[in-house]
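Going down the list, the protein sequences come from chains Y and Z. For the first sequence, the working numbering begins at 1 and goes up steadily by one. For the second sequence, the working numbering begins at 1001 and goes up steadily by one. One structure is given here, and the rest of the page talks about it.
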Amino acid sequence: DAGITQSPRYKITETGRQVTLMCHQTWSHSYMFWYRQDLGHGLRLIYYSAAADITDKGEVPDGYVVSRSKTENFPLTLESATRSQTSVYFCASSELGRSTDTQYFGPGTRLTVL
Amino acid sequence: AQKVTQAQTEISVVEKEDVTLDCVYETRDTTYYLFWYKQPPSGELVFLIRRNSFDEQNEISGRYSWNFQKSTSSFNFTITASQVVDSAVYFCALSASYSGAGSYQLTFGKGTKLSVIP
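Below, the structure written as structure tokens:
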């Protein structure tokens, strides 16, 4: 199906474990983004990518790692999960990353770290 | 730095009432874009509208309307004759240059939760 998908949709893990959240888009958009959504904070940018092999930090990058070997995929890895990383994670994409571009969001992944 | 303020954390209205959601923004850029997204209880984020900083005309789409005023740095959203299906969290967002690298990122407000009571 066309669009932007995330997997898994729900994940429960334990403190210290490595977790990878997947994001896949079929539009061939150049830009992809990862946000986390927490009560009282809205959505905050974790990392973004302008193209394959080009990534950069957002507002809250600590504790996260990203990679982008293919245009369509943008996985987010928590190398050693902490309870403070319990959140809902959204992936988004936009065509060229210009100010005019609309970002389209995936359905989100709800992550719980015990 | 860019900032978006949605001062109303939660609003409750009775069905068929009109409701306005406030959004105030701050940016040093002269060219910027403003967005509204809807997040229904199912959790996804749905794009509603995009406006650029040079177009202050009000926009109407069905029961939805948006009022953009640069003089007060506001981009308010009004729902006319609200319905239960309008119950959601609504986010205002600002697109402006991030880190001066030429790419644009969204800065979100914290959202306003709208509950429409039957």
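Even for Gly, the Cβ is constructed at its ideal location relative to N, Cα and C.
Check your understanding: If we count Cβ pairs, one from each stretch, closer than 8 Å, do we get three or more for the region 1072 to 1085 of chain Z versus the region 88 to 98 of chain Y?
Key -> no
Check your understanding: Pairing CB atoms from the region 74 to 85 of chain Y with CB atoms from the region 13 to 21 of chain Y, are three or more of them under 8 Å?
Key -> yes
**Study point:** Within-9 Å CB hit, H41(Y) to chain Z
**Key:** yes
Exercise for review: Give, in chain order, every residue of the region 73 to 84 of chain Y whose Cβ lies closer than 9 Å to some Cβ of chain Z.
Suggested key: Residues passing the 9 Å Cβ filter: none.
**Study point:** Against chain Z: residues of the region 39 to 72 of chain Y by CB proximity under 8 Å
**Key:** Those residues of the region 39 to 72 of chain Y placed with their C-beta closer than 8 Å to a C-beta in chain Z are G40, H41, G42, L43, R44, L45, Y48, A50, D56, G58, ordered along the chain.
Check your understanding: Should I4(Y) be labelled buried (16 or more other beta-carbon atoms within 10 Å of its own) or exposed?
Key -> So I4(Y) counts as buried.
Practice item. Indicate whether the contact test is met: 3 or more Cβ pairs, each with one atom in the region 1002 to 1010 of chain Z and one in the region 1056 to 1072 of chain Z, closer than 8 Å. Key: With the rule of 3 Cβ pairs closer than 8 Å, the region 1002 to 1010 of chain Z does not count as touching the region 1056 to 1072 of chain Z.
Exercise for review: Starting from S1065(Z), trace the beta strand (DSSP E) both ways and give me its first and last residue.
Suggested key: 1064 to 1069
Check your understanding: How many angstroms separate the CA atom of G63(Y) from the CA atom of Q37(Y)?
Key -> 16 Å
Point to revise | the region 102 to 110 of chain Y touching the region 1040 to 1058 of chain Z, judged by at least three CB pairs closer than 8 Å | key: yes
Exercise for review: Taking 9 Å as the cut-off, decide whether the C-beta atoms of E1010(Z) and T1112(Z) are in contact.
Suggested key: yes
Point to revise | Nearest neighbour of F74(Y), chosen from L43(Y), K11(Y), Y47(Y) [CA to CA] | key: Y47(Y)
Review point. Which residue comes first and which comes last in the beta strand (DSSP E) that contains N1076(Z)?
Key: 1074 to 1079
**Study point:** As assigned by DSSP and simplified to three states, the class of Q1105(Z)
**Key:** Strand.
Practice item. Measure the beta-carbon distance from Y1033(Z) to L1048(Z) and round it to whole angstroms, keeping in mind my assumption that it falls under 8 Å. Key: In fact, because the Cβ distance is near 13 Å, the residues do not count as touching under 8 Å.
Check your understanding: Can you list, in chain order, the residues of its chain whose CB lies under 6 Å from that of Q103(Y), leaving out five sequence neighbours each side?
Key -> Excluding sequence neighbours, Q103(Y) sits near A92, S94.
Exercise for review: Verify the CB distance criterion: does E1153(Z) have a CB-CB separation below 9 Å to chain Y?
Suggested key: Beyond the ends of chain Z as shown, which are 1001 and 1118, falls residue 1153(Z); an answer cannot be given.
**Study point:** Collapsed DSSP secondary structure at D38(Y) in the structure displayed
**Key:** strand
Check your understanding: Using DSSP with H/G/I as helix, E/B as strand and the rest coil, what is R110(Y)?
Key -> strand
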